[in-house]
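Q: Count the sequence shown with my numbering and you get residues 292 to 908, in order.
From the three backbone atoms N, C-alpha and C, an ideal C-beta is built for every residue, glycine too.
Shown below is the structure under consideration.
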Amino acid sequence: MTRAFALGPFPCARRAFRLAAVLALGAAAAGAAERALDVIVPDSWIPGVPVLVRVEVRGADGAVDRTLWDVEAVLSAAPAGTTLAPDRVTLRNGLGSALVRIETPPDTAEIVLDTAIGALEAARTLQNLAGRPRIETQGVLPAALVEWSGIVRVTGALTVPAGGTLRVLPGTLVLIDGASADGAGHSISVAGAIECLGTPAQPVTFTARDPALPWGEVRHDGARPSLYRCTIMTRGGNSPRGGHTNTGPILRATNSRVRCERCAFTDAKGKSMQASGADLEFYDCLFSRAAMGPEIDGTALLWERCWALDFHGKDDNDGIYLHRQRAGQTIALRGCVVASGDDDAVDTLGAEVLIEDCILRDFANPAEDSKGLSVLEGAVDVRRTLIVNCKVGVSAKIRRAGNQAIVRIDRSTILGNEVAVQAYDKYGVAEADIFYYASNSILRAADAIYTDYRPEDLRVSYCDVSEEWPGAGNIAADPLFVDPAAGDFTLRADSPCIDAGDPAAPPDPDGSRADMGCFPFTRADPPPPRFIRGAVKGRAAVDLSDAVALLLHLFAGRPIPCAKAADANDSGTLDIADAARLLDYLFAGGPALPAPAGACGTDPTEDPLDCRVSPCP
């Protein structure tokens, strides 16, 4: 096989994304009523020090609306004469931010910041802190509890000692001095613990006192478990080299446990964060406008509902870089968006990684071999994930003969790239163990599947591929998306990918056979589930193990895949009578089980019991 590096249709349609999304927001009052605009910004500012404005569009379910591909929020402020720079915030898949400089008329005590996207609006009041008293600090804090509030200026290196706790209260503004334009800025070293207790209305902010002089980093080294809640770190990273890039992080964790909730790490001179030998949890966090996103090594990571946006420059501008973890550690990315950068959206090096319900997009630097997902050895599971508008969708490679790279792709959509998936000989390894296992997915590109090695190692089944590829259930047909130019990759009602997935796979949320792709078609009136009465464990055969599974469910709370199958007497409820009925049928010659018994069928009686997994197509 040869590469055909012809661009797919989607990169050329990116200009339409923003317009389409803006029109969608502004056109339908009903749609606007189902959405809400959420703005997180400090409740105060100091003239000359920019503030971070984080903007989110949330749907009726309260989650960030990732269907809004690219939209622009407009910022304005009162009183008259107030200027904001910039006065626009680009949202990617429902979330974005901007570091905004505020200029006001003399003696302005407060401003009202207004954010608008079409019919959606939100207003926030900010107090002018000019002239307010400041706490100045450096050196080693007492080995006890220290609380910060108001305005704190860090004038030199600061240490939270072992046994000490630094608690930063809601709304606190921490101004940190930089040493020089080219030298390392002052850092905060943590051997004890930090508790940053910001709220959406009053986030905590760490930023440079002088925007021209970036500060260093917050460094956890052998620290106690620490918490950052609604905390902004910006204008930092002017710290010693850390990792494979030439710039340091704004947050570093070494042999420490750190949890971050709804935090933002933006506009950093270096990378967003770095960790080694750590245990990290990030929820609803934002990483943006830095040399690169997080980089971890020997670290456990849970990265849920996080956004990593806009990494550009000349120094490995990855969205997130995941080195091999230590034994017993897991790395999982769930519900995340990684968009717009000059290298790879997700780069893995010998790691075992789960990527689930994510969107990886717009890593297509023509000067680089940019990828949505780059796998250098190790094993990566990709589930229900969209990878679009990258130079290469997924690339797997090995550095040394005898090592392996394994990529498992299920219910995902990979398109708009020059190559969808590839096994790549980057390091001159003549024979390589690079394995792909793709199922229930859409793989579309000018060169959908490319390998430098054995084609039989790329095992594809029940997929829509833009070229003929051997494997059970594969098709080569237009998937018929609703509106791909506007970022809507859901399936039309006439899509050939509907009910075309592996019949043995778990059903879609509407109870029907698995679709191909990451966004299954949802029927307004889904068909009733098909099952076999008594097949409690979700297999075709009915035996003693099914009765045991039912008893464990009743008395130990063990989950079962199909409650309808466990309803052995068809009463519409599950209780000990069902176990007795099933045992009587299996071992005492009792009467046959109610339909559907012995073969797949639907329930002849209506009841509230569900059936998530069944052996029936």
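1. Return yes when the C-beta of Gly372 is under 8 Å from any heavy atom of the ligand ATP, and no when it is not.
2. Going by Cα to Cα distance, which pick from Phe497, Arg596, Ala400 is closest to Gly353?
3. Taking the straight line between their C-alpha atoms, what separation do you get for Cys521 and Gln429?
4. Please report the straight-line C-alpha distance between Asp405 and Asp858, rounded to a whole angstrom.
5. If you follow the alpha helix (DSSP H) that Val459 is part of, which residue opens it and which one closes it?
6. Quick one, are the C-beta atoms of Trp506 and Gly527 less than 9 Å apart?
7. To the nearest angstrom, report how far apart Gly707 and Ile733 are at their CA atoms.
8. Do Ala696 and Ala721 have their C-beta atoms within less than 9 Å of each other?
9. Using three-state DSSP, classify Asp634 as helix, strand or coil.
10. Threshold first: 3 residues or longer. Then list the beta strand (DSSP E) segments lying entirely within the stretch 770-813, N to C.
11. Report yes if the CB atom of Val451 is closer than 9 Å to the CB atom of Ile479, and no otherwise.
12. Under the three-state reduction of DSSP, which class applies to Val666: helix, strand or coil?
13. Using only the alpha-carbon positions, how far apart do Cys576 and Thr557 sit?
14. Return the Cβ separation of Arg752 and Asn765 in integer angstroms, given the expectation that the two are a contact with Cβ distance under 8 Å.
15. Is the beta carbon of Asn419 closer than 9 Å to that of Pro494?
16. Under 7 Å Cβ to Cβ from Val710, same chain only, skipping five residues before and after it: list those, please.
17. Find the nearest neighbour of Leu390 within the set Asn384, Thr399, Pro396, Arg379, judged by alpha-carbon distance.
18. Over what stretch of residues does the alpha helix (DSSP H) that includes Ser440 continue unbroken?
19. Would you list the residues sitting across from Thr496 in a DSSP beta bridge?
20. Could you name the residues of the same chain whose beta carbon sits closer than 6 Å to that of Pro811, not counting the 5 residues immediately before and after it, in chain order?
21. Should Ile426 be labelled buried (16 or more other beta-carbon atoms within 10 Å of its own) or exposed?
22. Identify, in the order they occur along the chain, each residue of the same chain with its Cβ nearer than 6 Å to the Cβ of Thr496, setting aside the five sequence neighbours on each side.
23. Write down every uninterrupted run of the alpha helix (DSSP H) in the stretch 684-745 whose length is 4 residues or greater and which is fully enclosed by it, in chain order.
24. What did DSSP end up calling Lys562 once you bin it into helix, strand or coil?
25. Measuring only the C-alpha atoms, how far is Pro819 from Asp801?
26. Give a yes or no on whether the C-beta atoms belonging to Pro341 and Gly372 are separated by under 9 Å.
27. Confirm, please, whether the CB-CB distance from Ile823 to Thr870 is below 9 Å.
28. Arg383: buried (16+ other C-beta within 10 angstroms of its C-beta) or exposed?
29. Does the beta-carbon of Leu835 have 16 or more other beta-carbons within 10 angstroms, so that it is buried, or is it exposed?
30. Alpha carbons only, please: which of Thr399, Val355, Gly483, Val481 is nearest the one belonging to Gly387?
31. Does DSSP classify Ala854 as helix, strand or coil?
32. Inspect the beta-carbon positions of Gly626 and Glu643 and report whether they are closer than 9 Å.
33. What's the call for Arg500, buried or exposed, on a 16-neighbour Cβ count within 10 Å?
34. For the stretch 623-637 against the stretch 586-602, do three or more pairs of beta-carbon atoms, one drawn from each stretch, fall closer than 8 Å, so that the two count as touching?
35. Which one of Leu667, Leu677, Ala453 has the shortest CA to CA distance from Arg691?
36. To which residues of the same chain is Pro899 closer than 6 Å at the C-beta, ignoring the five residues directly before and after it?
A: Short version:
1. Looking for the ligand ATP in the displayed structure turns up nothing, as the structure carries no ligands at all.
2. Arg596
3. If I take the Cα positions, the gap works out to 24 Å.
4. Asp405 and Asp858: Cα-Cα distance of roughly 56 Å.
5. Taken as a continuous stretch (DSSP letters only), Val459 belongs to no alpha helix (DSSP H), being part of the beta strand (DSSP E) at 456-459.
6. Yes, the pair counts as a contact, with Cβ atoms nearer than the cut-off.
7. C-alpha separation (whole angstroms): 11 Å.
8. no
9. coil
10. 772-774, 779-782
11. Their beta carbons are under 9 Å apart, which means Val451 touches Ile479 by this criterion.
12. strand
13. 11 Å
14. The sequence shown places Ser at residue 752, not Arg. The pair is a contact, with the Cβ atoms about 7 Å apart (cut-off 8 Å).
15. no
16. Arg294, Val683, Gly684, Ala736, Asp738, Tyr741
17. Arg379
18. It is not in any alpha helix (DSSP H) - Ser440 carries neither H nor E in the DSSP assignment.
19. Leu464, Ile523
20. Its chain contains Asp799 as the residues whose beta carbon lies nearer than 6 Å to that of Pro811, once the 5 sequence neighbours on both sides are disregarded; these appear in chain order.
21. exposed
22. Pro333, Leu464, Ile523
23. none
24. Shown here, Lys562 sits in a strand according to DSSP, grouped into three states.
25. 9 Å
26. no
27. Note on identity: in this sequence residue 870 is Ala, with Thr being the wrong assignment. The answer is no: Cβ separation not under 9 Å.
28. buried
29. exposed
30. Val355
31. Helix.
32. no
33. buried
34. yes
35. Leu667
36. Hits under 6 Å: none found.
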